[in-house]
Each structure stands twice: as structure tokens, then as C-alpha cells.
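Student: With the working numbering applied, the sequence shown has no gaps in its numbers, which climb one by one up to 729 at the end. Just so you know, even glycine gets a beta-carbon here, dropped at the ideal spot from N, CA and C. Remember, predicted model here, so these are calculated numbers, not experimental data. Here you go, one structure.
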Amino acid sequence: MIDFRSDTVTRPSPLMRQAMSQALVGDDVYSDDPTVNDLELFAAERHGFEAALFCSSGTQANLLALMAHCERGDEYLCGQQAHNYKFEGGGAAVLGSIQPQPIENAADGTLPFEKLTAAIKPDDPHFARTTLLSLENTINGKVLPLTYLQQAREFVDQHNLKLHLDGARVYNAAAALNVDITEIVKYFDSFTICLSKGLGAPIGSLLLSDKALIARARRWRKVLGGGMRQAGIIAAAGKIALTENTNRLVDDHSNAKYLAEQLNTVNGFEVNTNHVQTNILFAKVDSKIDQTKLATTLKSQNILISTGNPLRFVTHLDITKDDIDIFITALKTAV
Ligand SMILES: *Cc1c(COP(=O)(O)O)cnc(C)c1O
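Structural data, given as C-alpha cells:
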């Protein structure tokens, strides 16, 4: 299968499978799993944070961060397009009694400071308590500028808020900016990383912060049913994701650029190649094209695409340049 739907479809490498089969394990709810402990310690040191928590998913890691930063009746500022507002089932409100305050994202994915300032509530019983600003990087494939992150830090310090990063694809941001990951995450009080997207692990995300916040998050993780037992089986693959698969993300980015250029040679498809910064791209598709039929035709040739307009394509470690050529040939025939 050549699967352009998401980078979540990546399969664990032989190296990961070997590490998983041989992982030393214990009961992680007792903090007894040496492989989970090793991953958490490694991740904390690697990113310059005090502590890390291995979580079952990015959704869970974000929710734990929100629940550990905020109390009942608090609110967090976030993007209207933010994953942890729009795509996580309203978890912060449903399970945390935390109110989201979404702000319209600018075209580059940032949240304008004037709008954020205007949304901060006065200390008054009429209002929820504004506690946290949550950013996302990359957001829909776009990289937040480092200068913006620095300004965001100054902004939260000035307004006495905490700063969280939904960093599901933060390694893609680092690769695109050609900086070490610490140059991005150093501005934040907490951040998440998805190990199971472009980094290629089968399962798992990390939440990083200071020891006190991670202790609170660990408690909520158990409450949410996210305490896993011999989780070293999956943490072993997560460590390899962090040690082996971060440097190669630049290949996914150049493949995405190539895919964008090639899509522009197909009738009815249009991509603004200047907008392709990482591994996610969006194509405008002529409304005369029956996308459901197109997806079915391609599926019969072992190619999987999403539907939608704009239509999202994602590159990852299981997609090569040759795969893109095969896809473009099939697409031209199909349309
Ligand atoms: C995928 C994603 C998540 C959630 O990760 P899951 O492991 O799918 O729950 C959170 N934030 C962003 C930006 C994502 O892309």
C-alpha cells in the first residue's frame, strides 16, 4: 500500500520489532518498567526538561497537560484550528471541566497577540480563570517562527499564564528550521511529542514538563485509564523513534515538495508549493472530479488517499519518491 492519508500509518521497522521483542518489562503503574523509565529519562534529558511521561496517544498527552495545568473553572487559550480544541472530542471540557477559549489562527498558524490579550479574562467571578496558552507546531504542516515562540514566552510571562505546546509534529518543525529540537521547546512549560506519526513508532506519545506537573499528569493518566502495565513493549519502539527517525524527516519534507510539484502537472489539481513547509500538503481539487470514485479506483491499485477540498496529502517514512511517481501516473490515468 502507498498510503498518503496520514503519517500515523507508518509501520514499525525491523529494528523496532526486534527491540520490542526483547524489551525488559515490569509494571509501569508501579514505575517498575525499566524500558518505560529509560524512555522517560532519555526524553527528559534530550529535551532539557525535568521529567517525561509516556502516554497511550497524543490526545491523552494533551488532555493530561491541560488537566495538570488547569483546574475546574479555568480556561486555556488556543487556536480555532488547534487539535486540542477541534479534534479531541472536547476532552478538556468533557473530562477536565476546563473551558477552551479559541482564537482565530492567522494564515501562518500563529495566534495574534492582540486577539490573545483581548481574550484574557479579568479576575472576576463572572469569568473563567485564564490560565494557559496552548500552541501547536507544526500546525497543518506549517512551522511557527522561532521569533513568534520567543514573543509567546514574553506574552505569557507578562500575563502570568503557562505555555503548552502540542508538539505532535514538533520534530518536523525542527527539521524544517534546521535547528535542534531544544531551540523550539525551550520556550514552553510543557509539550507533547507523537512517537507514532512521522517518527514511526506503532503506539505512544510523550508529555514533558517539570517534575511537579508530570506528577499531577501521572495521577490523571491513571484516573483516565491510561496506566499501562508492561508498556516497555511499546516504549522500546518509542526510544528508537527518537534516536533513529528524527534526522530523516527532511526526506519526508523534500518528498512533500516533490509531490506538490507533481500534483500541479495533473489536470484538476493545484497546490501552492510555497505553502509546503513540512510533510503535509493541501491540494485544491476541481469540483467536477468525483473524489469518492477516484479514491476507490486508486485503492484498487494499492494507493490510499483521503477525500476533501482542499485534499490533504501526508508523506512519511513508508513513502518513497518512486511511490510518488507511481501515484502520479495512476492519478493522471484515473482523472
Ligand atoms: C495526531 C495529533 C494529535 C493526537 O495524537 P493521537 O495520537 O492521534 O491521539 C494531537 N495533536 C496534533 C497536532 C496531531 O496531529
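1) For my contact list, E469 and I497 are in at a C-beta cut-off of 8 Å; report their separation, rounded to the angstrom.
2) Check for me: the alpha helix (DSSP H) holding R706 runs from which residue to which?
3) Going by other Cβ atoms of all chains shown within 10 Å of its Cβ, with 16 needed for buried, is K556 buried or exposed?
4) In the DSSP assignment, what residue or residues form a beta bridge with L559?
5) Is the region 661-680 in contact with the region 433-447, if contact means three or more CB pairs nearer than 8 Å?
6) Could you check if M395 is buried or exposed, using at least 16 other CB atoms within 10 Å of its CB as the buried criterion?
7) Since A445 contacts I608 with CB under 8 Å, what's their CB separation in whole angstroms?
8) I628 lies in the alpha helix (DSSP H); which residues open and close that run?
9) Write down every uninterrupted run of the beta strand (DSSP E) in the region 457-504 whose length is 3 residues or greater and which is fully enclosed by it, in chain order.
10) Check whether the Cβ of R411 sits closer than 7 Å to any heavy atom of ligand 1, and report yes or no.
11) Excluding five sequence neighbours on each side, which residues of the same chain lie with their C-beta closer than 6 Å to the C-beta of I533?
12) Does DSSP put V579 in a helix, a strand or coil?
13) Taking the alpha-carbon of G619 as reference, which of N566, A595, A455, N478 has the nearest alpha-carbon?
14) Should V537 go down as buried or exposed, given a rule of 16 or more other Cβ atoms within 10 Å for buried?
15) Alpha carbon to alpha carbon, how far is K726 from F481? Give it in angstroms, no decimals.
16) Report all residues from its chain with a CB closer than 6 Å to the CB of V579; omit the five preceding and five following residues, and keep chain order.
17) Looking at ligand 1, does it come within less than 7 Å of G439, judged from the CB to the closest heavy atom?
18) Less than 6 Å between C-beta atoms, sequence neighbours within five positions excluded: which residues of the same chain meet that for W614?
19) Quick one: is F521 buried, meaning 16 or more other Cβ sit within 10 Å of its Cβ, or exposed?
20) Could you tell me whether the region 705-715 touches the region 670-678, using the rule of 3 or more Cβ pairs below 8 Å?
21) Give the secondary structure of K515 by DSSP, where H, G and I count as helix, E and B as strand, and everything else as coil.
22) Quick one: give me the first and last residue of the beta strand (DSSP E) that S603 is part of.
23) So, helix, strand or coil for A677, using DSSP?
24) I think D401 touches K682, with their Cβ atoms under 8 Å apart; what is that distance to the nearest whole Å?
25) Could you give the residue range of the alpha helix (DSSP H) that holds F721?
26) Does the beta carbon of G483 fall short of 7 Å from some heavy atom of ligand 1?
27) My understanding is that A630 touches A413, with C-beta atoms under 8 Å, so please give their C-beta distance in whole angstroms.
Tutor: According to the structure data:
1) With 8 Å as the limit, E469 and I497 do not qualify as a contact, their Cβ atoms being about 12 Å apart.
2) Looking at the DSSP string, R706 is not in any alpha helix (DSSP H); the run it does join, the beta strand (DSSP E), is 705-708.
3) buried
4) Bridge partners of L559: L529, F585.
5) Fewer than three beta-carbon pairs drawn from the region 661-680 and the region 433-447 are found closer than 8 Å, and the two stretches are therefore not classed as touching.
6) By the neighbour-count rule (16 or more Cβ atoms within 10 Å), M395 is not buried but exposed.
7) 4 Å
8) 626-638
9) 468-473, 493-497
10) no
11) Residues of the same chain with a CB within less than 6 Å of the CB of I533, apart from the 5 flanking positions on each side, are G503 in chain order.
12) helix
13) Checked all of N566, A595, A455, N478; the closest Cα to G619 is A455.
14) V537 counts as buried, since no fewer than 16 other beta carbons sit within 10 angstroms of its beta carbon.
15) 33 Å
16) H441, F585
17) Here the sequence assigns Glu to residue 439, which means Gly is not the residue at that position. No.
18) L458, M461
19) exposed
20) yes
21) coil
22) 599-603 is the extent of the beta strand (DSSP E) around S603.
23) In the structure shown, A677 sits in a strand (DSSP, three-state: E or B).
24) The Cβ separation is near 30 Å, so there is no contact.
25) From DSSP, the alpha helix (DSSP H) with F721 extends over 715-728.
26) Residue side-chain check: G483 keeps its Cβ at 7 Å or more from all non-hydrogen atoms of ligand 1.
27) 4 Å
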